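Trainee:
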């Protein structure tokens, strides 16, 4: 019986889960690294446990500390969110062994899907088509590069190097020219070891011009495994999604049914439980290939929630509690688009950015949903992933959803930290986005030399006037003083108290 | 062809319409009384016209000024919102006579429905059941009271006095005892004259224990008149709705069909065009009676939008432009609840309140929509209606919607002006609200001696500690200074500039 | 030790805060500064919540666990801000009707005056049993917010 | 008349504001204070928009019509804040690999160094044709944000 959930995550997804617990009348516990004190998500939990340590490994990845926190607060379930420990089968085992409920699939399912090479083999066996490619099982480090070279030759160019434990674009490299292979393979291995502690790499043929289509699945313990339709997430930079939508703009009911059935078969092949996503590449030919299965809640789950009317996180809580899922037959209505707000410099190869969120004013109005982990006054540090928030819109039609997204992005004011908000806004005007013909290479094709903000000399001149005028009017002196006061300025006899929470 | 819309309204509904124009790529003009300068809605318009005058009659009700504003800005259509001039047939005529498009039904339809006595007669003729009662056509002022007394005797007690030009509970009085009749009739007449310039009163039998159910209709110029299902708005105080939901918690598909058909018939009887609402009383017996038709967008339209997926304001724009409406067949999904946030003292007979919105922090998270006309820092004055905003939630089920509303209201922080937010929160825990058995007398039955906030001595003591602690810490000195600076404090050489907009 | 007096319907309340290290304390509750003008309250049972507080005039507005409290601070040495027995206009408006006469005895709950404000009629009601000592406004007169409309002498 | 200098990629820009009644003006544009730290801009064609502005360090961040601009103010008398030709670390991180040696001539776009930050690898790329004059960090070293990683002498 789930009565108190510890959320082993941070940022926007922790906020999402903690609010769902609160609405379900379930107690909640947040865990918080010292450098995350005062973050938004800590305020949404009934209780907060301050972890010890400075690195991610010492805090959000420290299984012992997290399980101890669950015990000390009386939590009886753990929700891992995404990233961090969400796809570590050993952690799921550890949680269960400690008498706690793991909100997610079985450790066996995580293992079978989490290791991307095993997953490819499992899917082949279940009759789900996989991308042509080759797994490299070589364990001797010295011989790995050689084995990879051989596999590359058999798969052919262009190809994609992928970390077997990978995700989020980390440890992934596209190689178009055999001459670049060695450098790319080494970089991918290094990144994979740094990010996942596992340098195993496999090779897939690079299917250029394909769409990234994924199917959301849900499975409960009462024998029901369903799919909630697709999301199209083709628009990616650095192999990371930035623009996601549901339904897919070129999807047909027949193809949805076929891909949905393949996804359900994939989930059933590993006795899946809870929420998961089966990712496919949809080639221009209409063929689709299994890419991988994410055995957790996904960043882009809101677009599915908005078009299907299913609260996926709430269903996760129900399923973990042994209840049947509450949603009925699939009913897709309208169109939803999500963009990911990153602290990054889109004009400089999407380099992550840091700084204060001196001004952070999200857009408002009907049909707009903001899943944010930050708010005005926060500092963006290099300690964590640069994704700050997700802006999601729903409208009756795709055209109207794009219109709403344009307005929302125009009204989103973020000052003090460079973000990709203008890049996202320009995306909404790009022809492949307008006509729904996006593929995984759309961004590279649209901006082969990198994106730059469009020049508008009238606005640029006006912005200079604003800067000079704001200096004249002393706006900076006003803001500095009020910022100081907001955090317990010099007048307070308890100036250090704002560091005392939780 | 609608290319630029003047919104002849203010507050949250002006915000709603102006955003819809912006998304539709249509230009927009706001009009603004001098005491409304700097209001949120003025910032959402492409252009703002400052009206002259101080009273509502001299500004938002001044037809000449408004039409001149449309001409001077090149607006080609006028959206009246609700209240103000929205149900004045003469204004609709005036707009059309000036070559402008009126976003609403024909003046004839407004006339036929706007005069409640005529509407009852029209509906009777169209075969739509009306509440037993009597219209009083007496024009001689001296004889009116006598005529009303006679009608009251024939209708029987308890009865309801209603202004023929009424709306929003103004000019309405329930009379249970013949001894109170004269005083109630005089008050209703006075209020009706003050509010509508028309003191004509009619009498209806008071159907206690009934539900207020209304049907949203849409009609375009291509011969299509449809309904979007019902809203239940039984929970009322001072004859004004405070809590609205869709679908009705006790509605059946058969009854929805019957009431929907009656509403469509009512609309067709007056050749209706655009968005409108047909209000019914649903008696405990299952019989329903026509109450009145609102020939405009309604305050509570968002709950219908959330469960049907139709953007009603956007459809209004389409219909006015001569396009067919874009929505398909009725498809109701999940449950939506709206509460109206009033600046009023619920513990003191819902007396309107004024003051500064020193702190105004709305709740956040998925499934929450806030339609607000105000934001932190605004002053609530007695110049306008005390409705500040509408908080609307959607969830897959009614139980979940109520859970979400509870969390949302708990997190809504408003300091500096008394609001009904705690009253609304308590409503969510009231048994008739939980089990969906609300009627128009629910509030009176729940709190016969008026509502008072529940006492919690622990929290009350803690709040005293907070007040004393905040005084010690000097929080008020911090806020005062930053408030001063936010509006161009003494350091600014242009201290008066903040009055220069628009 | 810091001492404050707040007004309440049951008369003035004295609050004495103790400073304990960096926290402020009051009978088992503890308070610390959070951020953005908010305070962290620890209840006697150990649970914590975040309070919002702001001062408007003399009144502290406090939001805590979904409830809003208002505490008017009475500065040391000042007399109580309210005229006892005075019935004040809750907002600017116009007197529509006076329902009592001077010298009349009324019971708690009796309607004394009808005021029009924000386009609606409001009844001014006797808060206690008493005698109408003085009527300050007649029908048709405009009243400002806070204006004393009638004086009501409480019956012993 | 008020005069300010801002840095731009094309060199310093001088901005001279005129005060006209209550408004500030610059070549046909006009500016007035709005509220909440915002400004009302009137463009040369008469349309208006609301700008948000805030200063972080020496940099004014300005949001206008969906676009964000950054203008670094150069105080009178101060030298330019940037070391010309210095390639700086965009954030704290670790040097993974140095791809060039001192004295090497490189073309614009050449990868010079690989940096790991925020769990991802970033390439430091030559902004112009030039010669690597000095390398300040070696593989494995931690670098702070803004640290100059390499000096690149621009080729004439």
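Residue numbers (this note's numbering), protein chains in the order written: chain P, 1 to 502; chain Y, 503 to 1004; chain R, 1005 to 1160; chain X, 1161 to 1316.
C-beta atoms are modelled at their ideal positions from N, C-alpha and C, and glycine is treated no differently.
Quick caveat, the model's predicted, so the values are computed rather than measured.
1. Count the other CB atoms, across all protein chains shown, that sit within 10 Å of the CB of residue 1217(X); report buried if there are 16 or more and exposed otherwise.
2. Check whether the Cβ atoms of residue 1045(R) and residue 1057(R) lie closer than 8 Å to each other.
3. I want to see whether chain Y comes within less than 8 Å of residue 244(P), judged by CB atoms only; does it?
4. Would you grab the beta carbon distance between residue 631(Y) and residue 790(Y) for me? Rounded to a whole angstrom, and I think it's under 8 Å.
5. Taking only beta-carbon atoms, is residue 512(Y) less than 8 Å away from chain P?
6. With residue 332(P) and residue 308(P) assumed to form a contact (beta carbons below 8 Å), what rounded beta-carbon distance in angstroms separates them?
7. Between residue 1228(X) and chain P, is the shortest Cβ-Cβ distance under 8 Å, so that the two count as touching?
8. Starting from the N-terminal side, write out each stretch of the beta strand (DSSP E) that is 3 residues or longer and does not extend beyond the segment 231 to 302 of chain P.
9. Report the residue from 431(P), 214(P), 238(P), 138(P) whose alpha carbon sits nearest the alpha carbon of residue 346(P).
10. Verify whether the separation of the beta carbon atoms of residue 806(Y) and residue 770(Y) is less than 8 Å.
11. Taking Cβ positions only, does residue 1196(X) come closer than 8 Å to chain Y?
12. Does the beta carbon of residue 62(P) come closer than 8 Å to any beta carbon on chain X?
13. From the DSSP output, which residues share a beta bridge with residue 854(Y)?
14. Hey, out of 935(Y), 514(Y), 580(Y), whose CA is closest to residue 530(Y)'s CA?
15. Are any of the Cβ atoms in chain X nearer than 8 Å to that of residue 481(P)?
16. Taking residue 512(Y) as the reference, give the member of 503(Y), 547(Y), 819(Y) with the closest Cα.
17. Which residues in the same chain have their Cβ closer than 8 Å to the Cβ of residue 877(Y), if we skip the five residues on either side of it in sequence?
18. Could you check whether the Cβ of residue 906(Y) sits closer than 8 Å to any Cβ belonging to chain P?
19. Taking the beta strand (DSSP E) that residue 161(P) belongs to, which residues open and close that run?
20. Using three-state DSSP, classify residue 1022(R) as helix, strand or coil.
21. Closest Cβ-Cβ distance between residue 751(Y) and chain P: below 8 Å?
22. Can you say whether residue 588(Y) is buried or exposed, counting buried as having 16 or more other CB atoms within 10 angstroms of its CB?
23. For the beta strand (DSSP E) containing residue 633(Y), name the first residue and the last one.
24. Leaving out the 5 sequence neighbours to the left and right, which residues in its chain are closer than 6 Å to residue 368(P) when beta-carbon positions are compared?
25. Counting contacts by CB-CB distance shorter than 8 Å, is residue 545(Y) in contact with chain X?
26. Determine the closest residue to residue 266(P) out of 94(P), 294(P), 252(P), 246(P), with distance taken between C-alpha atoms.
27. Taking beta-carbon pairs under 8 Å, can you tell me which members of the segment 1087 to 1109 of chain R lie near chain Y?
28. The alpha helix (DSSP H) that contains residue 186(P), what's its start and end?
29. Is DSSP giving residue 1192(X) helix, strand or coil here?
30. Interface residues of chain Y around residue 1066(R) at Cβ under 7 Å?
31. Just checking: is the beta-carbon of residue 540(Y) within a distance shorter than 8 Å of some beta-carbon in chain X?
32. Classify residue 1(P): buried if its beta carbon has 16 or more other beta carbons within 10 angstroms, exposed otherwise.
33. Which residues share a DSSP beta bridge with residue 1057(R)?
34. Using 10 angstroms around the beta-carbon of residue 182(P), count the other beta-carbons present and answer buried if the total reaches 16, otherwise exposed.
35. Looking only at C-alpha atoms, which of 1155(R), 1147(R), 1019(R), 1005(R) sits nearest to residue 1078(R)?
36. Once you ignore the five residues that flank residue 378(P) on each side, which residues in its own chain have a CB closer than 6 Å to its CB?
Mentor: Once the coordinates are examined:
1. exposed
2. no
3. no
4. 7 Å
5. no
6. 6 Å
7. yes
8. 240 to 246, 274 to 282, 288 to 294
9. 238(P)
10. no
11. yes
12. no
13. 846(Y)
14. 580(Y)
15. Residue placement at residue 481(P) is flagged as unreliable, the pLDDT there being 44, under the threshold of 50; the coordinate-derived value follows with that caveat. Not one chain X Cβ lies under 8 Å of residue 481(P).
16. 547(Y)
17. 542, 859, 862
18. yes
19. 159 to 163
20. strand
21. no
22. buried
23. Neither: residue 633(Y) is in no beta strand (DSSP E) and is coded neither H nor E.
24. 393, 408
25. yes
26. 294(P)
27. 1094, 1095, 1096, 1097, 1100
28. 181 to 196
29. strand
30. 965, 968, 969
31. yes
32. exposed
33. 1066(R)
34. exposed
35. 1019(R)
36. 357
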